[in-house]
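**Student:**
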Amino acid sequence: MDLTLYVWRQKDAKDSGRLEKYPAKSIDPNMSFLEMLDVVNEGLIQQNIEPIAFDSDCREGICGTCSMTINGIPHGPERGTTVCQLHMRKFKDGDAIYIEPFRARAFPVLRDLITDRSAFDRIIQAGGYVSINTGGVPDGNAIPVPKVAQEEAMDAAQCIGCGACVAACKNASAMLFVSAKVSHLALLPQGAVERKRRVLNMVGQMDAESFGSCTNQYECEAVCPKEISVQFIARMNREYLQGRVLPEA
Amino acid sequence: MDGNSETSTGGAAMTLDAKIPAGPLVEKWERHKFEMKLVNPANKRKFHCIIVGSGLAGASAAATLAELGYNVECFCYQDSPRRAHSIAAQGGINAAKNYQNDGDSVFRLFYDTVKGGDFRSREANVYRLAQVSGSIIDQCVAQGVPFAREYGGNLTNRSFGGALVSRTFYARGQTGQQLLLGAYQALCRQIDAGNVKMFPRTEMLELVLVNGKARGIVVRNLVTGKISSHAADAIVLATGGYSNVFFLSTNAVGCNTTAIFRAYKKGALFANPCFTQIHPTCIPVSGDHQSKLTLMSESLRNDGRIWVPKKAGDKREPQAIPEADRDYVLERKYPTYGNLAPRDIASRAAKQVCDEGRGVGPSGLGVYLDFSEAISRLTEHTVRERYGNLFQMYEKITGENPYRMPMRIFPAPHYTMGGLWVDYNLMSNIPGLHVVGEANFSDHGANRLGASALMQGLADGYFILPYTLGHYFASTKPEKVDSSHAEFRKAEEEVRERLKKFLSIRGKRTTTSFHRELGQLMWNECGMSRTDASLRKALQRIPEIREEFWRNLDVLGSHDELNTSLERAGRVADFIELAELICQDALHRTESCGGHFREESQTEEGEALRDDDHFCYVAAWEHQGVGKPPSLHKEALQFENVHLAQRNYK
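Chains F and S, in that order, give the protein sequences. Here the first sequence is numbered in this note's numbering, starting from 3 and rising by one per residue. Here the second sequence is numbered in this note's numbering, starting from 195 and rising by one per residue.
#1: How long is the line joining the alpha carbons of ALA387(S) and ALA540(S), rounded to whole angstroms?
#2: Looking at the secondary structure, which residues open and close the beta strand (DSSP E) in which LEU747(S) lies?
#3: Where does SER18(F) fall in DSSP's three states?
#4: Beta-carbon of LEU243(F) versus every beta-carbon of chain S: anything under 8 Å?
#5: Whole beta strand (DSSP E) runs in the segment 255-288 of chain S with 3 or more residues, listed along the chain?
#6: At which residues does the beta strand (DSSP E) containing ASN143(F) begin and terminate?
#7: Count the C-beta pairs between the segment 343-363 of chain S and the segment 482-493 of chain S that are closer than 8 Å, then say yes if the count reaches three, no if not.
#8: Helix, strand or coil: which one does DSSP assign to GLY197(S)?
#9: Please tell me whether GLU686(S) has its Cβ less than 8 Å away from any Cβ of chain F.
#10: Within 10 angstroms of its Cβ, does GLN152(F) collect 16 or more other Cβ (buried), or is it exposed?
#11: Using 8 Å as the cut-off, can you tell me whether the segment 313-320 of chain S makes contact with the segment 632-648 of chain S, which would need three or more C-beta pairs spanning the two stretches below that distance?
#12: Does any residue of chain S have a CB that is nearer than 8 Å to the CB of THR71(F)?
#13: Could you give the distance in angstroms between the alpha-carbon of ARG552(S) and the alpha-carbon of GLY558(S)?
#14: List the residues of chain S whose Cβ lies closer than 7 Å to the Cβ of TYR131(F), in chain order.
#15: Please list, in chain order, all residues of the same chain as HIS259(F) whose beta carbon is under 6 Å from its beta carbon, the five residues on each side excluded.
#16: Contact check, GLU241(F) vs ARG197(F) under 8 Å by CB: the rounded distance?
#17: What is the rounded straight-line gap between the Cα of GLN233(F) and the Cα of GLU223(F)?
#18: In chain F, which residues lie with their C-beta within 7 Å of the C-beta of LEU349(S)?
#19: List the DSSP bridge partners of ALA98(F).
#20: Relative to chain A, which residues along the segment 55-70 of chain F have a C-beta separation below 9 Å, given in chain order?
#21: Quick one: does THR136(F) have its CB under 8 Å from some CB of chain S?
#22: Of all the CB atoms in chain S, is at least one closer than 8 Å to the CB of VAL205(F)?
#23: So, helix, strand or coil for PHE228(S), using DSSP?
#24: Report yes if the CB atom of MET398(S) is closer than 8 Å to the CB atom of ALA453(S), and no otherwise.
#25: Classify LEU838(S) as helix, strand or coil using the three-state DSSP reduction.
#26: Tell whether a beta-carbon distance below 8 Å holds between ARG847(S) and ASP312(S).
#27: CB-CB under 7 Å to GLY249(S), same chain, minus the five flanking residues each way: which ones, in chain order?
#28: Please list, in chain order, all residues of the same chain as TYR588(S) whose beta carbon is under 7 Å from its beta carbon, the five residues on each side excluded.
#29: Please name the residues in the segment 575-601 of chain S whose beta-carbon is closer than 9 Å to at least one beta-carbon of chain F, in chain order.
#30: Extract the residue ranges of the alpha helix (DSSP H) inside the segment 488-568 of chain S, only unbroken runs of 4 or more that lie entirely within it.
#31: Starting from ALA357(S), follow the beta strand (DSSP E) in both directions and report where the run begins and ends.
#32: Candidates SER215(F), THR217(F), MET177(F), GLY206(F): which alpha carbon is nearest ILE235(F)'s?
#33: Using 10 angstroms around the beta-carbon of VAL247(F), count the other beta-carbons present and answer buried if the total reaches 16, otherwise exposed.
#34: Mind checking ALA2(F): buried by the 16 CB within 10 Å criterion, or exposed?
#35: To the nearest angstrom, how far is the alpha carbon of LEU831(S) from that of ARG314(S)?
#36: Within 8 Å of any Cβ in chain F, is that where the Cβ of VAL417(S) sits?
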């Protein structure tokens, strides 16, 4: 199949950036979207044009590195899929495809499609952990965890931290990301001990990173490659309220 | 002391002292913990350590060392430490908890691992690994890792290849992700506390020695291109394996050998480089555009049955092939272990049937992994609950529904048992240079069992290195060295020259085209099976590729900006040299063992035939210069607690 790409090119954080048009010819429908870009890049190098810079690593949908917006949708048109797992068979011969970086004030563009998402790391550093040291912990079976709680914690814990939720949100809110970690740890007895401090600190950092507010329109859930439910946002709001009004137990 | 030995062909003689503690196997680690020197808690902050890599081994080591009070700097090439490739491990982590009451024990895990590794690992290391395995599970649970549980609230287990007990703990098909997030969160806590300084998007490009000790690294900031030096009292490499030497592998596209290879070129010994693991259950290659191969967890072999048509060239749809015309190849050849035979054995069985023309799929390079029997026995719902995310991933990549059609799978390079040589304290032959996780060679011998990589990475990082590194600090008094030392200037200059060289060639071929050519050569000549002739062919061709690379490479852009092609060029340059080392090791080891299958050395049934009289040793190679044969040092392996036997999974 033959396609026309319109790709965001931006030399560095200071450059204003622009869309450039590139043809992508003889594309095999079995290619992943990133393999298609690899092929285009090989062609660009041969023409003495610097290749399109994009982030990717595991290419199996779990590391959360790849991040781009395709025709206005973070990670592209297929639900529950990172762009590295999106395959060209989802497109039609002759399609025009617009490829841009994830856009949010908290995710500045470093080059072309690569953004700086270290704000997410700083939110986890603010409290997204259980405060225990290595060693001196009880046997793994000492505290029974109800299967239902463990399953729900796992539903939240599978967040890959890619930032698509932020890129999809008109307010660039990070509520889905933060609520997934807050919920994962609050649902387990091991994490419940410091749930109040945690949610207050993480939300405080989220606000400091200039992410926007949540207005409950759920674009985040719609683009999340792990299909993390917005019900965790409701849970985090409850956790936050309790953290603000009730003393730490 | 046992396990010491000294042999050398070529270069200067070097004593390879594995520093295995004396005493009975079960007491060695306890005794060693007591004998090791301790650092006064108030003095710990005066010791600086650098950790390169933030996967399971690196992140767990960084967090634990910082908790103890050491001053830690941690580096990774990814944009966040949470993205290291440990995250992609699917199936699980082994531990000798015996929660299932099915006969497991520390000794059984030890035994299975030594046997699974085809008797090419150190008994003492493996026993220690089995001993600390239980603590890993406790630690991860306490961190909030949501391991699968029973309705009663207890942890549950599944079986994995190479074992007859259920000892594998898992978190759906995302165990590596959850364990890494646990270690990452512990690391984040230490970053927040100011005990760890984290450097993401930063790649180590050189190791710096001062007075024969590892004292620092030179790194490149991958965003700005800035080259800088970092000094420390000890360096820990936790940079993973080198399967990407095959270009197509299950590794992340960024995984590379540069950190350990730079150390090798500075004098660290590279042990058993030819011990590479080909994983049996990966999605077959679909075309020339392919950039990586995707693993389907080995846990699928618990319920999936591997088969091919009995007749060569049978092109019927799988559903149209009646039972009588199917060959369930692993069940037939290994009735005891069946579909759960170890990885090297399952991979070779798949290759063998494909070589006979019985492979399936458009390329003929594939075997079926069929769940229809499991679906009728357990219901589709249960199968979905166990493997749902894996089935979904398969469908995304291939466009086929594995609930209706058997999966097609084929082996792919996955893990490298070889790595930098380390002693019992996880220190290389360069004082101060420690190596943990997949980057070292120590625990898996010639073949790693499923669900043991996560175990080893976390054992090294949480429970072994924090003790042994303290011992190193307390027993050597590192002199004051900072990054203004002349050795750092020299190393920085070498790094800059190399980067400028890549950019100045302006030839006609891209980095990827060289990498792809190298990978194809390695897969064909030094892949699932190797011969004297194939290895000699590769050894002839690799120097030609290397020569052309340095003459005809084309990298655009500059060194002082974000330049992904330049990053890759440096990694591929190192892979080319490593490939030569792998082939040299494979050529010298004329026996078959584990993942290293020399066609000249096989039993009548086509199984790997070891040669214990001549090869019961670790082959540790010393660099002698590019294009020159490395010199070999041998560490003899002594088996006092397990009987050296032909592996039998029948």
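Glycine is no exception: its CB is placed at the ideal position from the N, C-alpha and C atoms. None of the values given here were measured: they were computed from a predicted structure.
**Tutor:** So, from the listed chains and residues:
#1: Translated into the one-based positions of the second sequence, residue 387(S) becomes position 193. Translated into the one-based positions of the second sequence, residue 540(S) becomes position 346. Cα-Cα distance, rounded: 47 Å.
#2: The count along the second sequence starts at 1 and reaches residue 747(S) at position 553. For LEU747(S), there is no enclosing beta strand (DSSP E), as DSSP gives it neither H nor E.
#3: Locating residue 18(F) in the first sequence gives position 16, counting from the first residue. In this structure, DSSP gives SER18(F) a state outside helix and strand, which the three-state scheme calls coil.
#4: Reading the first sequence from its first residue, position 241 is the one you call residue 243(F). Not one beta carbon of chain S lies nearer than 8 Å to the beta carbon of LEU243(F).
#5: For the segment 255-288 of chain S, whole beta strand (DSSP E) runs of length 3 or above, ordered along the chain, are 265-269.
#6: As a first step, residue 143(F) is located in the first sequence; it is residue number 141 there, counting from the start. Taken as a continuous stretch (DSSP letters only), ASN143(F) belongs to no beta strand (DSSP E), as it is neither H nor E.
#7: Taking 8 Å as the limit for Cβ pairs, the verdict is that the segment 482-493 of chain S does touch the segment 343-363 of chain S.
#8: By one-based count along the second sequence, residue 197(S) stands at place 3. Reliability of the predicted coordinates at GLY197(S) is poor, the pLDDT of 40 falling under 50, and the value obtained from them is presented with this limitation in mind. The answer is coil: DSSP assigns GLY197(S) none of H, G, I, E or B.
#9: As a working note, residue 686(S) is residue 492 in the second sequence. Answer no: the Cβ-Cβ gap between GLU686(S) and chain F never drops below 8 Å.
#10: As a working mapping, residue 152(F) is identified with position 150 in the first sequence. Sixteen is the threshold: when 16 or more other Cβ atoms of the shown chains lie within 10 Å of the Cβ of GLN152(F), as they do, the residue is buried.
#11: Yes: at least three Cβ pairs fall under 8 Å.
#12: Position 69 of the first sequence holds residue 71(F). It does not: the Cβ of THR71(F) has no partner Cβ on chain S nearer than 8 Å.
#13: If you number the second sequence from 1, residue 552(S) lands on position 358. If you number the second sequence from 1, residue 558(S) lands on position 364. Rounded to whole angstroms, the separation of the alpha carbons of GLY558(S) and ARG552(S) is 7 Å.
#14: By 1-based counting over the first sequence, the position of residue 131(F) is 129. At a beta-carbon threshold of 7 Å, the residues of chain S lying near TYR131(F) are GLN379, ALA380, CYS382, ARG383, ordered along the chain.
#15: Residue 259(F) lies beyond the range of chain F shown here (3 to 251); nothing can be said about it.
#16: Here residue 241(F) refers to the residue found at position 239 of the first sequence. Here residue 197(F) refers to the residue found at position 195 of the first sequence. The distance from the Cβ of GLU241(F) to that of ARG197(F) is about 6 Å, consistent with a contact at the 8 Å cut-off.
#17: By one-based count along the first sequence, residue 233(F) stands at place 231. By one-based count along the first sequence, residue 223(F) stands at place 221. When rounded, the distance between both Cα atoms is 10 Å.
#18: The residue given as residue 349(S) occupies position 155 in the second sequence. Contact annotation for LEU349(S) against chain F: GLY142, ASN143 [CB-CB distance below 7 Å, chain order].
#19: Taking the first sequence and counting its residues from 1, one reaches residue 98(F) at position 96. ALA98(F) is bridged to THR6(F).
#20: Here the protein chains are F and S, and chain A is not one of them.
#21: Indexing the first sequence from 1 puts residue 136(F) at position 134. It does: the Cβ of THR136(F) has a partner Cβ on chain S nearer than 8 Å.
#22: Along the first sequence, one-based indexing puts residue 205(F) at 203. Not one chain S Cβ lies under 8 Å of VAL205(F).
#23: Here the question's residue 228(S) lines up with position 34 in the second sequence. In the structure shown, PHE228(S) sits in a helix (DSSP, three-state: H, G or I).
#24: Position 204 of the second sequence, counting from 1, holds the residue named residue 398(S). Position 259 of the second sequence, counting from 1, holds the residue named residue 453(S). For the pair MET398(S) and ALA453(S), the CB atoms are nearer than the 8 Å cut-off.
#25: Taking the first residue of the second sequence as position 1, residue 838(S) is located at position 644. The answer is coil: DSSP assigns LEU838(S) none of H, G, I, E or B.
#26: Residue coverage of chain S in this structure runs from 195 to 844, which leaves residue 847(S) outside it and unanswerable.
#27: Indexing the second sequence from 1 puts residue 249(S) at position 55. For GLY249(S), where only same-chain residues beyond five positions count, the Cβ hits under 7 Å are ALA278, HIS279, SER280, LEU374, ALA432, GLY434, GLY631, GLY651.
#28: Position 394 of the second sequence, counted from the start, is the residue given in the question as residue 588(S). Cβ contact annotation for TYR588(S) (same chain, cutoff 7 Å, sequence separation greater than five): ILE477, MET490, PRO596, MET601, in chain order.
#29: Contact residues of the segment 575-601 of chain S toward chain F are ASN583, GLN586, MET587, LYS590, ILE591, THR592, GLY593 (C-beta to C-beta distance below 9 Å).
#30: Listed in chain order, they are 523-527, 537-549.
#31: Working through the second sequence from its first residue, we reach residue 357(S) at position 163. First-last for ALA357(S): undefined, no H or E at that position.
#32: Position 233 of the first sequence holds residue 235(F). Answer by Cα proximity: MET177(F).
#33: Within the first sequence, residue 247(F) is the residue found at index 245, counting from 1. It is exposed - the Cβ of VAL247(F) has fewer than 16 other Cβ atoms within 10 Å.
#34: For residue 2(F) there is no data in the structure shown, the boundaries of chain F being 3 and 251.
#35: Counting from 1 along the second sequence, the entry for residue 831(S) is found at position 637. Counting from 1 along the second sequence, the entry for residue 314(S) is found at position 120. Roughly 7 Å separates the two Cα atoms.
#36: As a first step, residue 417(S) must be located in the second sequence, where it is residue number 223. It does; some Cβ of chain F falls within 8 Å.
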